[in-house]
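Trainee:
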Amino acid sequence: DVKVTQSSRYLVKRTGEKVFLECVQDMDHENMFWYRQDPGLGLRLIYFSYDVKMKEKGDIPEGYSVSREKKERFSLILESASTNQTSMYLCASSFRGDDSNQPQHFGDGTRLSIL
Amino acid sequence: AQKITQTQPGMFVQEKEAVTLDCTYDTSDPSYGLFWYKQPSSGEMIFLIYQGSYDQQNATEGRYSLNFQKARKSANLVISASQLGDSAMYFCAMREGWGSNYQLIWGAGTKLIIKP
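In the order they appear, the protein sequences are chains A and B. Quick note on numbering: our numbering labels position 37 of the first sequence as 38, and the sequence is numbered without any gaps. Quick note on numbering: our numbering labels position 80 of the second sequence as 83, and the sequence is numbered without any gaps.
(1) Mind pulling the chain A residues with CB within less than 7 Å of Y28(B)?
(2) Pull out every residue of the segment 77–93 of chain B whose Cβ sits closer than 7 Å to any Cβ of chain A, in chain order.
(3) Rounded to whole angstroms, what's the CA-CA distance from Q11(B) to K19(B)? Just pull it up for me.
(4) Rounding to the nearest angstrom, what Cα-Cα distance links E18(A) and S81(A) in this structure?
(5) I want to see whether chain A comes within less than 7 Å of W39(B), judged by CB atoms only; does it?
(6) Please list, in chain order, the chain A residues whose beta carbon lies closer than 8 Å to that of F15(B).
(7) Taking the beta strand (DSSP E) that M33(A) falls in, what are its first and last residues?
(8) Hey, could you find the ends of the beta strand (DSSP E) G55(B) is sitting in?
(9) Less than 7 Å between CB atoms is the rule here; does P104(A) satisfy it with respect to chain B?
Below, the structure written as structure tokens:
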């Protein structure tokens, strides 16, 4: 089974702090994704990466950056956390195959609160 | 314009009844794929079922089936013989095209509650 592991289930940080959310997958997937999920808004893509050291902006990249130094690890960085970044953060991974049938596999999510 | 529409914000269903969760989509690309995910209250997103635009048959996975009506651009999820453990949020998502477009477009979700 695919395993996507997020470093924390719950995290509380203060405004202005630099926050790191880590995600590791064990299935040798090329693609990795970071989403945030807010009630009534569904999932919104922050960044994704289709290869090591490659990254693409999603729909809401402002206030975030990412790092992918190794294939299995994709980090989301909040450079200076703000209260409007309080949310559920979900990491996902998938094969890069050209077919559209490759599902994204998700971690358990991190509930981040910025005080 | 919304590309994925889930018109039912919430549904209550009696245990053991069948459930249909609606999903309509909008794309001009002839090649696309549709996914359904389940999210229990614990938060993890679980992949349920996939339907490709060129698939001739409706997808099935155990108690899950997809009622795919291409002309109407709908891809409804059917859960047979519902169980209490089916209570969760359900999301429909679409991937357009082939090749390097890896992103999924997500619907807002439907909250399903199964009553004992």
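Don't be surprised by glycine CBs; every beta carbon is placed ideally from N, CA and C.
Mentor: Taking the structure as given:
(1) Residue numbering aside, residue 28(B) sits at position 25 when the second sequence is read from its first letter. Simply none; closest approach about 13 Å.
(2) none
(3) Position 8 of the second sequence holds residue 11(B). Position 16 of the second sequence holds residue 19(B). Cα to Cα, Q11(B) sits roughly 20 Å from K19(B).
(4) Mapped onto the first sequence, residue 18(A) falls at position 17. Mapped onto the first sequence, residue 81(A) falls at position 80. Between E18(A) and S81(A), the C-alpha separation is close to 5 Å.
(5) Counting from 1 along the second sequence, the entry for residue 39(B) is found at position 36. No, its Cβ sits nowhere closer than 7 Å to a Cβ of chain A.
(6) Along the second sequence, read from residue 1 onward, the residue named residue 15(B) stands at position 12. Those within 8 Å of F15(B) in chain A number zero; the least Cβ separation is about 19 Å.
(7) Here residue 33(A) refers to the residue found at position 32 of the first sequence. It spans N32 to D39 - the beta strand (DSSP E) in which M33(A) sits, taken as one unbroken run.
(8) Position 52 of the second sequence, counted from the first residue, corresponds to residue 55(B). That run of the beta strand (DSSP E) goes I49 to G55.
(9) Stepping through the first sequence from its first residue, residue 104(A) is reached at position 103. Yes - at least one Cβ of chain B is within 7 Å of the one on P104(A).
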